[in-house]
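Numbering (our numbering), first residue to last: 183 to 589.
If you want it as structure tokens, here you go:
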């Protein structure tokens, strides 16, 4: 079948000449199942992605331009809103199916004008036609040919999978055919464009596969659970990270169960997809050290050793803040005197000097409390006052014109 991008009136005409162009089909899961049941696989499917706001804007402009008709049209705002909502709800599953099974779904930004959309569609069609022409030419000449953009499903690939090409077997399960090729009736999956080029000239495909247990096999979550009670090797740490890190303590990184594989009847858990694809024989036979990093488990804040936790978490920030306040020399420089009086890196003379200033400052700060408690509303004769009252009052009054920092 041809590209799904044009108008319905072009179906018969295109069928007689080249292929069939279908507009607005499939838009439901039932329509998709009908095509699959009859083995109708579109070579290319184009989806025009237009924001809802732009759709209603174009609808409004179209209504202004159209002539008044004696009969109503099904283009009211409510009808278009319902159609748009149903379309966006159904198209997700359809798009996912064609992207995973046939890799023939292309999203075109419909926000641009029709000429821009036309050019984008033309580019995609030319690209797909080029892949098909190169495939037919190379297969006819008996050479290896790339099978990308040919709508080959995973079910069609598995029975025709061939041997390993220069150990290029990659543990990928995304179904991409970018680096896949056909040679002598068999399909081969490479790990990079460089290895795919090696298959082209000269072809190295007739290498037989090793036994099944000698081939790394990626495990899904359900397959991993079915292996219970078998435990993962290296206690679940990533073998690739550990090997590449030269067996250092810092290289012990727990793997993710989403990237599990089985090799030689053993289960390995890798850290990421890149590490999973990098797994080969040299990563399997390793031993863990005696000392392992603690497990990363969530714990309650109240169960932490607060003194040590605060020391690690806020000590540096608190020291920086105290130093900044000390350098600022505020109006009442208690912190400045205290930091310099008890600074272990300062000289003995400096510490004694600022300890004396600190004591003097604290004594002056206590004057307000003392005078407030001893001073009464009514005047007292000197003989009825406290012994040191007059002395401390004079000290307090003398502070009026003294610099609190240097005084």
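Backbone N, C-alpha and C define an ideal beta-carbon position, used for all residues, glycine too.
Small disclaimer: the values here were computed from a predicted structure and weren't measured.
Exercise. Please determine, among 488, 438, 449 and 536, the residue with the shortest C-alpha to C-alpha distance to residue 478.
Key: 438
Quiz item: What does a CB cutoff of less than 7 angstroms around residue 435 pick up in its chain, not counting 5 residues either side in sequence?
Solution: 419, 420, 423 and 453
Practice problem: Determine the closest residue to residue 276 out of 326, 581, 520 and 224, with distance taken between C-alpha atoms. | Solution: 224
Self-check item: the segment 276-293 touching the segment 326-336, judged by at least three CB pairs closer than 8 angstroms
Solution: yes
Self-check item: Residues of its chain near residue 522, where Cβ-Cβ distance is below 6 angstroms and the 5 sequence neighbours each way are ignored
Solution: 536
Quiz item: Based on Cα-Cα distance, which residue from 255, 266 and 209 lies nearest to residue 236?
Solution: 266
Quiz item: Ordered along the chain, which non-local residues of its own chain (more than five positions away) have a Cβ less than 8 angstroms from that of residue 530?
Solution: none
Practice problem: Measure how close the beta-carbons of residue 365 and residue 303 come, nearest whole angstrom, since I'm counting them as under 8 angstroms. | Solution: Not a contact, Cβ separation roughly 32 angstroms.
Quiz item: Is the segment 567-576 touching the segment 537-544, taking contact as three or more C-beta pairs under 8 angstroms?
Solution: no
Quiz item: What is the rounded straight-line gap between the Cα of residue 468 and the Cα of residue 416?
Solution: 8 angstroms
Quiz item: By Cβ distance, which residues of its chain are closer than 7 angstroms to residue 234, with the 5 residues on each side in sequence left out?
Solution: 266
Quiz prompt | residue 350, DSSP secondary structure in three states | solution = Residue placement at residue 350 is poorly supported in this model, since its pLDDT is 39, which falls under 50; the coordinates are not used for a value here.
Practice problem: Report the rounded CA-to-CA distance for residue 456 versus residue 412, giving the unit in angstroms. | Solution: 25 angstroms
Quiz item: When you compare each of 498, 499, 431 and 450 to residue 476 by their alpha carbons, which one comes out closest?
Solution: 431
Exercise. Throw me the rounded Cβ distance for the residue 461 and residue 398 pair, which I believe falls under 8 angstroms.
Key: 6 angstroms
Quiz prompt | residue 556: first and last residue of the uninterrupted alpha helix (DSSP H) it sits in | solution = 530-556
Practice problem: Throw me the rounded Cβ distance for the residue 231 and residue 291 pair, which I believe falls under 8 angstroms. | Solution: 6 angstroms
Quiz item: Around the Cβ of residue 491, are there at least 16 other Cβ atoms within 10 angstroms (buried) or fewer (exposed)?
Solution: exposed
Quiz item: For residue 402, which of 372, 425, 450 and 260 has the nearest alpha-carbon?
Solution: 450
Quiz item: Got a sec? Which residues, its chain only, sit under 7 angstroms from residue 584 by beta carbon, not counting five neighbours each side?
Solution: none
Exercise. Consult DSSP for residue 289 and reduce its assignment to one of helix, strand or coil.
Key: strand
Practice problem: Determine, using beta carbons only, whether residue 553 and residue 578 come nearer to each other than 8 angstroms. | Solution: yes
Quiz item: What's the call for residue 547, buried or exposed, on a 16-neighbour Cβ count within 10 Å?
Solution: exposed
Quiz item: Between which two residues does the beta strand (DSSP E) carrying residue 370 extend?
Solution: 368-371
Practice problem: Determine the burial state of residue 425: buried for a count of at least 16 other Cβ atoms within 10 Å of its Cβ, exposed for fewer. | Solution: buried
Quiz item: Is residue 519 near residue 502, with beta carbons less than 8 angstroms apart?
Solution: no
Exercise. Using the Cα positions of residue 484 and residue 499, report the straight-line distance between them to the nearest angstrom.
Key: 21 angstroms
Quiz prompt | Beta-bridge pairing of residue 236 - partner residues as DSSP gives them | solution = Residue 236 pairs with nothing; no bridge assigned.
Exercise. Using 10 angstroms around the beta-carbon of residue 459, count the other beta-carbons present and answer buried if the total reaches 16, otherwise exposed.
Key: buried
Self-check item: Alpha-carbon spacing of residue 346 relative to residue 321, whole angstroms
Solution: Residue placement at residue 346 is poorly supported in this model, since its pLDDT is 44, which falls under 50; the coordinates still yield a value, given next. Cα to Cα, the separation comes out at about 20 angstroms.
Quiz item: Between residue 580 and residue 574, what straight-line distance do the alpha-carbon atoms span, to the nearest angstrom?
Solution: 10 angstroms
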